[in-house]
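Using this note's numbering, the first residue of the sequence shown is number 762, and each one after it goes up by one. Idealized CB from N, CA, C, for every residue including glycine. Given the structure is predicted, the values throughout are model-derived calculations rather than measurements.
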Amino acid sequence: MADEDKSSYSKQLISMIKNHKDDNNEIDVGAVIEKDFGNDLKNGKGLKVKLIKNYDNADGKNLSQSILSEGNTMEKIIGDSKKLGM
762 MADEDKSSYS KQLISMIKNH KDDNNEIDVG AVIEKDFGND LKNGKGLKVK LIKNYDNADG
822 KNLSQSILSE GNTMEKIIGD SKKLGM
């Protein structure tokens, strides 16, 4: 994964995705976390992440689903913390 944003949010997403990956199953696909990922995530503008290889294959679909799942988790955490005034 390439991290163009270098924010705490992008680092957390990378960590969360690595936890999804099975050590015996190398993923044949990469992704780029684009600049302003963290700001857009905080402001509810969606996930600025691009897959850099054909995701019509099984590995790409798994990575895409992991990114979406973990990104949604991060959006919920950020939204909940805003509601709590954190």
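Using the DSSP secondary-structure output, state which residues sit across from K811 in a beta bridge.
-> Position 50 of the sequence shown holds residue 811. K811 is bridged to V793.
Taking all protein chains shown into account, decide if K729 is buried (16 or more other Cβ within 10 angstroms of its Cβ) or exposed.
-> A query on residue 729 cannot be resolved here, the shown segment of the chain reaching from 762 to 847 and no further.
With DSSP collapsed to three states, give me the class of D766.
-> The residue you call residue 766 lines up with position 5 of the sequence shown. Looking at D766 - three-state DSSP - the assignment turns out to be coil, as it is neither helix nor strand.
Look up N785 in the DSSP assignment and say whether it is helix, strand or coil.
-> Taking the sequence shown and counting its residues from 1, the one referred to as residue 785 is at position 24. Because the pLDDT at N785 is just 43, under 50, the model does not fix this residue reliably, and the value given afterwards should be weighed accordingly. In the structure shown, N785 sits in coil (DSSP, three-state: anything other than H, G, I, E or B).
Have a look at N823, I828, N780 and K822 and flag the residue whose alpha-carbon is nearest the alpha-carbon of E795.
-> As a position in the sequence shown, residue 795 is number 34, starting the count at 1. E795 has its Cα closest to that of I828, out of N823, I828, N780 and K822.
Are the beta-carbon atoms of S768 and G799 separated by less than 8 Å?
-> On the sequence shown, position 7 is the one that residue 768 refers to. On the sequence shown, position 38 is the one that residue 799 refers to. In this structure, G799 lies closer than 8 Å to S768 by Cβ.
Go ahead and pull the three-state DSSP assignment for K851.
-> A question about residue 851 goes unanswered here, because the residues of the chain that appear run from 762 up to 847.
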